[in-house]
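Line order of the protein sequences matches chains S and C.
Note that the first sequence covers residues 1 to 298 in our numbering.
Note that the second sequence covers residues 1001 to 1351 in our numbering.
Ideal Cβ positions, reconstructed from N, Cα and C, are used throughout, including at glycine.
One structure is given below, encoded as structure tokens.
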Amino acid sequence: MMNLSTFFQHLTNGISLGSLYALVAIGYTMVYGTLRLINFAHGDVFMMTTYFAFYGVATFMLPWYVSFILAIILTAALGMLLEIGAYRPLRDAPKISIMISAIGASFLLENLAVVLFGGRPKAFPSVKLLTDSIQWGTVSIQKLTFVIPIVTIIFLVGLLYLINHTKTGMAMRAVAKDYETAGIMGVNVNKTISQTFAIGSMLAAVGGIMWGLKFPQIAPLMGVMPGLKAFIAAVIGGIGNIKGAVIGGFILGIGEIMIVAFLPSLSGYRDAFAFIFLIVILLFKPTGITGEKIAEKV
Amino acid sequence: MKQKKTLLTVISIVVLFLGVYLADQNLDSYKMRILNLCAIYVVLGLSMNLINGFTGLFSLGHAGFMAVGAYTTAILTMPDVVKGQNFFMVPMMKPLDTMHVPFFLALLIGGIFAGIVGYLIGAPALRLRGDYLAIATLGFAEIIRVVFTNIQSVTNGALGLKGIPESSNIWWTVGVATVTVLFIGSLINSSYGRAFKAIREDEIAAESMGISLFKHKVLAFTIGAFFAGVGGGLLGSLMGTIDPLMFRFFLTFNILLIIILGGMGSITGTIISAFIITIGGEALRFLDESMTIGNLVIPGISGLRMVVFSALLMIVVLFFNRGIMGTNEFTWDRLFAKFGKKPLAKGGSKQ
Chain S
1 MMNLSTFFQH LTNGISLGSL YALVAIGYTM VYGTLRLINF AHGDVFMMTT
51 YFAFYGVATF MLPWYVSFIL AIILTAALGM LLEIGAYRPL RDAPKISIMI
101 SAIGASFLLE NLAVVLFGGR PKAFPSVKLL TDSIQWGTVS IQKLTFVIPI
151 VTIIFLVGLL YLINHTKTGM AMRAVAKDYE TAGIMGVNVN KTISQTFAIG
201 SMLAAVGGIM WGLKFPQIAP LMGVMPGLKA FIAAVIGGIG NIKGAVIGGF
251 ILGIGEIMIV AFLPSLSGYR DAFAFIFLIV ILLFKPTGIT GEKIAEKV
Chain C
1001 MKQKKTLLTV ISIVVLFLGV YLADQNLDSY KMRILNLCAI YVVLGLSMNL
1051 INGFTGLFSL GHAGFMAVGA YTTAILTMPD VVKGQNFFMV PMMKPLDTMH
1101 VPFFLALLIG GIFAGIVGYL IGAPALRLRG DYLAIATLGF AEIIRVVFTN
1151 IQSVTNGALG LKGIPESSNI WWTVGVATVT VLFIGSLINS SYGRAFKAIR
1201 EDEIAAESMG ISLFKHKVLA FTIGAFFAGV GGGLLGSLMG TIDPLMFRFF
1251 LTFNILLIII LGGMGSITGT IISAFIITIG GEALRFLDES MTIGNLVIPG
1301 ISGLRMVVFS ALLMIVVLFF NRGIMGTNEF TWDRLFAKFG KKPLAKGGSK
1351 Q
């Protein structure tokens, strides 16, 4: 029987998983908003961060906070490189070509990771300060469970400020609305799109590091499932909408944990829930819960 | 003229099977295995090209249809004893454990099941467009895989099926590939095929010309799924072992690579690139293994082969996005025109 404290434990677990999905989902939604492209490689960018952070601590013996910050910067650079190499040359090509390029980039990153880092899982460095547990009556909860949502909220507030109250953010909104017109009005479109990728990748990097702390086993294919689920979260929330992506992330994270907690006999189907959810949303409300209707241009 | 071309087609098929006979007599089993794989990838590539290349529906659910075909064929052809050995964790569901049918029938049933699944997925999902369709079909394929991992009494779950009778040989694979080429070739040149291409070029224009979008999309999707199922069945019986992990997105990626390299919307291109990718994949195997030059040993890096493949896909998309053939086809008319023996038929090379 489920009592209040186990319910609370599941809820906090769901919230922290949801925060991680939300951080990654923001990257998908920002790129989709700007380029109308599903950045299939976003999950692999997320995976690369964990390796950057791992090598920073394990090989270069850096203190964890230096290594994490370096990993975030490197990931932002990787995101920009990805856009310049794989998407910019195809900006005016048919949509299918860009999507194939995205799939190719995703596989390239995964296989490069296998070659460079080895296919065997590695142990992510543990940070005592964050991964310790605290006792609360009979319940023991990892500090990380609280750290993750707090960090997510801090970054979200920062992002919303950037988007709504700075010049860079205004340029991003303009490019997302219509990049050709934005270009005519004097916005540097290439620079703005690069910035979008850098910010999206940075948030994925923050998510990746916290993911590594929470599930301390990193492998070249670890980004695939979280990536797909974060994308689903972005669709649930209405793609192109940052607040929607966060809401979608929480719905998916809490939903996933709760379904497994309440119906343990279905836990084998855990990975299928997200997809079933996605398909139901796509069929009945394709613009997501906050999305606006987009008229099709002929 | 028409009779002559039919005769030429028949002659080339006879020559093809003569070649198969000679290969069967002379080549070792490793090379035969590669040839088998080439033929299977022709079937799979064509089935995906029908959906993605000819009808313009960007579907990423191929691995799911293949899984349905492969499992159906395997379950229907495995002998009782082998089934007993496989299902030691959970016994197999009742009527299935003693059920078997001949290989051909099993392939056909596998294809039909895959077609039914394709229809059930397509009917709702094909209302979506572009990247939404891609992600929904990808999701369906993942759901099929998760379900197959979990229904242990039917599929043996994550353990997979071992000891599938290796009934497929070069005659089966090349035979099925030939039938697929002829079927899809004539489908593409029929009124249905023209409707498919019209939908690919412009949905709204096609609809206003009176083409039923839903009917044709679902038709292309179902036929594609059918052939994917047959291809999956052949692949399973060639490998002898299948498990749900085989049918990850990675498999779809391989087939996608074939149709992109060959040209989206070209049968000839798909056939050529199925051979290039399969043989190239084997030839590049040295990258993963260690090499010895003189007394210098270069350790192989496992996974490098896949790096080459993904880089290849990116290069094709970025620089040669029409692939080898674009949307062109090999036809007799084209061949005659090339060698200047006969003038082109009225209306150009396409029939």
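Residues that DSSP places opposite Ile218/S in a beta bridge: In the first sequence, residue 218/S corresponds to position 218, counting from 1. BP columns for Ile218/S point to Lys122/S.
Give the residues of chain S in contact with Val1317/C, contact being defined as C-beta atoms less than 8 Å apart. Here residue 1317/C refers to the residue found at position 317 when the second sequence is read from its first residue. Within 8 Å of the CB of Val1317/C, the CB atoms of chain S belong to Leu90, Ser97, Ile100, Ser101 and Gly104, in sequence order along the chain.
Is the shortest distance between the beta-carbon of Asn1321/C and the beta-carbons of chain S less than 8 Å? If you number the second sequence from 1, residue 1321/C lands on position 321. So, interface residue.
My output table needs one value for Lys1162/C: the three-state DSSP class, helix, strand or coil. Along the second sequence, read from residue 1 onward, the residue named residue 1162/C stands at position 162. It is a strand residue.
Count the other CB atoms, across all protein chains shown, that sit within 10 Å of the CB of Asp1333/C; report buried if there are 16 or more and exposed otherwise. Start at 1 with the first residue of the second sequence, and residue 1333/C comes out as number 333. Buried, since its Cβ has 16 or more Cβ neighbours within 10 Å.
Would a C-beta distance cut-off of 8 Å place Lys122/S and Ile218/S closer than the cut-off? For the purposes of this step, residue 122/S is taken as residue 122 along the first sequence, with counting starting at 1. For the purposes of this step, residue 218/S is taken as residue 218 along the first sequence, with counting starting at 1. Ile218/S sits close to Lys122/S, with the two beta carbons spaced by under 8 Å.
So, do the region 1174-1190 of chain C and the region 1248-1267 of chain C have three or more beta carbon pairs nearer to each other than 8 Å? Counting C-beta pairs with one atom in each stretch, the region 1174-1190 of chain C and the region 1248-1267 of chain C have three or more that are closer than 8 Å, which means they touch.
Just the Cα atoms here: how many angstroms apart are Phe262/S and Val1146/C? The sequence position of residue 262/S within the first sequence is 262, counting from 1. The sequence position of residue 1146/C within the second sequence is 146, counting from 1. Going by the C-alpha atoms only, they are around 20 Å apart.
8 Å CB neighbourhood of Leu1105/C in its chain, flanking five on each side removed: The residue given as residue 1105/C occupies position 105 in the second sequence. Closer than 8 Å at Cβ, skipping near neighbours: Leu1076.
Should Ile302/S be labelled buried (16 or more other beta-carbon atoms within 10 Å of its own) or exposed? Because chain S spans 1 through 298 in this model, residue 302/S falls outside it and cannot be assessed.
Of all the residues that make up the region 253-277 of chain S, which are near chain C by a beta-carbon distance shorter than 7 Å? Listed by position, the residues of the region 253-277 of chain S near chain C (Cβ gap below 7 Å) are Gly268, Tyr269, Asp271, Ala272, Phe275 and Ile276.
Is the CB-CB distance between Ile257/S and Gly43/S below 8 Å? For the purposes of this step, residue 257/S is identified with residue 257 of the first sequence, where counting begins at 1. For the purposes of this step, residue 43/S is identified with residue 43 of the first sequence, where counting begins at 1. Not a contact, by the Cβ cut-off of 8 Å.
Let's see if you can read the secondary structure: which residues bound the alpha helix (DSSP H) around Ile69/S? Taking the first sequence and counting its residues from 1, one reaches residue 69/S at position 69. Where Ile69/S is concerned, the enclosing alpha helix (DSSP H) stretches over Trp64 to Leu82.
Counted within 10 angstroms of its Cβ, other Cβ atoms place Lys1350/C as buried (16 or more) or exposed: Here the question's residue 1350/C lines up with position 350 in the second sequence. Here Lys1350/C scores only 45 on pLDDT, less than 50, and its place in the model is too uncertain to base an answer on.
If you draw a straight line from the C-alpha of Gly1323/C to the C-alpha of Gly1130/C, how long is it? As a working note, residue 1323/C is residue 323 in the second sequence. As a working note, residue 1130/C is residue 130 in the second sequence. Answer to the nearest angstrom: the Cα atoms are 20 Å apart.
Are the CB atoms of Met1314/C and Gly238/S within a distance shorter than 8 Å? Locating residue 238/S in the first sequence gives position 238, counting from the first residue. Locating residue 1314/C in the second sequence gives position 314, counting from the first residue. Contact: no.
With 16 as the cutoff for other CB atoms within 10 Å, does Ser1029/C come out buried or exposed? The sequence position of residue 1029/C within the second sequence is 29, counting from 1. Looking at its Cβ environment, which holds fewer than 16 other Cβ atoms inside 10 Å, Ser1029/C is exposed.
So who's on the other strand from Gln142/S, going by DSSP bridges? Counted from its first residue, the first sequence places residue 142/S at position 142. DSSP lists Ser133/S as partners of Gln142/S.
Just to make sure I have the definition right: I need the residues of chain C whose C-beta is within less than 8 Å of the C-beta of Ala93/S. Which are they? Here residue 93/S corresponds to residue number 93 of the first sequence, with the count starting at 1. Within chain C, the residues near Ala93/S are Asn1321.
Helix, strand or coil at Thr1241/C [DSSP, three-state]: For this step, residue 1241/C is matched to residue 241 along the second sequence. DSSP places Thr1241/C in the strand class (E or B) of the three-state scheme.
Compute the beta-carbon to beta-carbon distance between Asn1156/C and Phe1087/C, rounded to the nearest angstrom, for a pair I have assumed lies under 8 Å. As a position in the second sequence, residue 1156/C is number 156, starting the count at 1. As a position in the second sequence, residue 1087/C is number 87, starting the count at 1. Indeed, because the Cβ distance is near 6 Å, the residues count as touching under 8 Å.
Residues near Ala41/S in its chain [Cβ-Cβ closer than 7 Å; skip 5 each side]: As a first step, residue 41/S must be located in the first sequence, where it is residue number 41. The residues are Leu82, Ala102, Ala105, Ser106 and Leu109.
Do we get a CB-CB distance below 8 Å when we pair Pro286/S with the residues of chain C? Position 286 of the first sequence, counted from the start, is the residue given in the question as residue 286/S. It does: the Cβ of Pro286/S has a partner Cβ on chain C nearer than 8 Å.
Val175/S, enclosing alpha helix (DSSP H) - first and last residue: Translated into positions along the first sequence, residue 175/S becomes position 175. Where Val175/S is concerned, the enclosing alpha helix (DSSP H) stretches over Lys167 to Lys177.
Tell me which residues share the same chain as Asn188/S and place their Cβ nearer than 7 Å to its Cβ, disregarding the 5 neighbours each side in the sequence. What you label residue 188/S is simply residue 188 of the first sequence in a count that begins at 1. Excluding positions up to five away in sequence, the list is empty.
By alpha-carbon positions, which one of Met1089/C, Gly1210/C and Gly1175/C ends up nearest to Ser1153/C? Counting from 1 along the second sequence, the entry for residue 1153/C is found at position 153. Closest in C-alpha terms to Ser1153/C, from the list Met1089/C, Gly1210/C and Gly1175/C, comes Met1089/C.
Do Val1010/C and Val299/S count as a contact pair if the criterion is CB distance below 8 Å? The first residue shown for chain S is 1 and the last is 298, placing residue 299/S beyond what the model contains.
On the CB-based measure, 16 or more other CB atoms within 10 Å of its CB, does Tyr1021/C come out buried or exposed? Within the second sequence, numbered from 1, the residue matching residue 1021/C stands at position 21. Classification for Tyr1021/C: exposed.
Alpha helix (DSSP H) containing Arg1322/C: first to last residue? On the second sequence, position 322 is the one that residue 1322/C refers to. First-last for Arg1322/C: undefined, no H or E at that position.
Cα-Cα, which of Val1317/C, Phe1330/C, Asn1328/C and Lys1338/C is closest to Ala86/S? Locating residue 86/S in the first sequence gives position 86, where the first residue counts as 1. Closest in C-alpha terms to Ala86/S, from the list Val1317/C, Phe1330/C, Asn1328/C and Lys1338/C, comes Val1317/C.
Assuming Met1325/C and Gly1263/C make a contact with CB atoms under 8 Å, what is their CB distance in whole Å? To locate residue 1325/C, count along the second sequence from 1; it is residue 325. To locate residue 1263/C, count along the second sequence from 1; it is residue 263. Indeed, because the Cβ distance is near 4 Å, the residues count as touching under 8 Å.
Which value, in whole angstroms, describes the spacing of the CA atoms of Phe275/S and Gly255/S? On the first sequence, position 275 is the one that residue 275/S refers to. On the first sequence, position 255 is the one that residue 255/S refers to. If I take the Cα positions, the gap works out to 13 Å.
Decide if the region 1025-1041 of chain C is in contact with the region 1189-1199 of chain C; the criterion is three or more beta carbon pairs, one per stretch, under 8 Å apart. With the cut-off at 8 Å, the region 1025-1041 of chain C and the region 1189-1199 of chain C do not touch.
Residue ranges of each alpha helix (DSSP H) within the region 241-273 of chain S, 4 or longer: Taking only runs of at least 4 residues, the alpha helix (DSSP H) segments lying wholly in the region 241-273 of chain S are 242-262.
If you measure between the beta carbons of Gly223/S and Met47/S, is that distance less than 8 Å? Position 223 of the first sequence, counted from the first residue, corresponds to residue 223/S. Position 47 of the first sequence, counted from the first residue, corresponds to residue 47/S. Their beta carbons are under 8 Å apart, which means Gly223/S touches Met47/S by this criterion.
Let me know if His165/S comes out buried or exposed under the rule of 16 or more other beta-carbons within 10 Å of its beta-carbon. Position 165 of the first sequence holds residue 165/S. Exposed is the call here.
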